[in-house]
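One structure below.
In the working numbering, the protein residues as written are 21 to 126.
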């Protein structure tokens, strides 16, 4: 349920970062330009991201700079496997990797 609420909120913002608590949004950063860039000032975005990091720490996340760490998982220009809007991509071979295999493809 929380994942769906977070995804819906990011969709409403036309891209961004959203941290959902048990009942409501704990922090968010709208990134409406291609889902990557903000229309706000650097100062405003930095303050909003600090709110996200504070919320993550309050939830028990100990990953340093979690947003950048998670963002790298989707960056399709770094070799190996990456998560994209098209699925999991092997960027060395430029192929979408099937997530499920049937008995014939063992």
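Positions of the beta carbon are idealized from the N, C-alpha and C atoms, including for glycine.
Practice task
From the DSSP output, read off the bridge partner residues of residue 57.
Solution key: Counted from its first residue, the chain shown places residue 57 at position 37. Looking at the DSSP assignment, residue 57 forms a beta bridge with 53.
Practice task
Compare the Cα-Cα distances from residue 99 to each of 65, 115 and 39 and report the closest residue.
Solution key: Taking the first residue of the chain shown as position 1, residue 99 is located at position 79. The shortest CA-to-CA distance from residue 99 to any of 65, 115 and 39 is the one to 115.
Exercise for the section: Could you have a look at residue 48 and say whether DSSP puts it in helix, strand or coil? Expected result: Start at 1 with the first residue of the chain shown, and residue 48 comes out as number 28. Reduced to three states, the DSSP call for residue 48 is strand.
Handout entry: Buried versus exposed, by CB contacts within 10 Å (16 or more), residue 53
Key = Here residue 53 refers to the residue found at position 33 when the chain shown is read from its first residue. Exposed: under 16 other Cβ atoms inside 10 Å.
Problem - For residue 107, the residue or residues it bridges with in DSSP - result: On the chain shown, residue 107 is found 87 positions in, with the first residue counted as 1. Answer is 104.
Exercise for the section: With DSSP as the reference, label residue 72 as helix, strand or coil. Expected result: The residue labelled residue 72 in the question sits at position 52 within the chain shown. Helix.
Problem - Alpha carbon of residue 28 to alpha carbon of residue 113, nearest angstrom - result: Numbered from 1 along the chain shown, position 8 holds the residue referred to as residue 28. Numbered from 1 along the chain shown, position 93 holds the residue referred to as residue 113. Residue 28 and residue 113 have their alpha carbons spaced roughly 33 Å apart.
Practice task
Using alpha carbons as the reference points, say which of 74, 83 and 102 lies closest to residue 92.
Solution key: Walking along the chain shown from the start, residue 92 turns up at place 72. Out of 74, 83 and 102, 102 has the C-alpha closest to the C-alpha of residue 92.
Problem - Within 8 Å, strictly: CB atoms of residue 119 and residue 108 - result: In the chain shown, residue 119 corresponds to position 99, counting from 1. In the chain shown, residue 108 corresponds to position 88, counting from 1. The answer is yes: Cβ separation under 8 Å.
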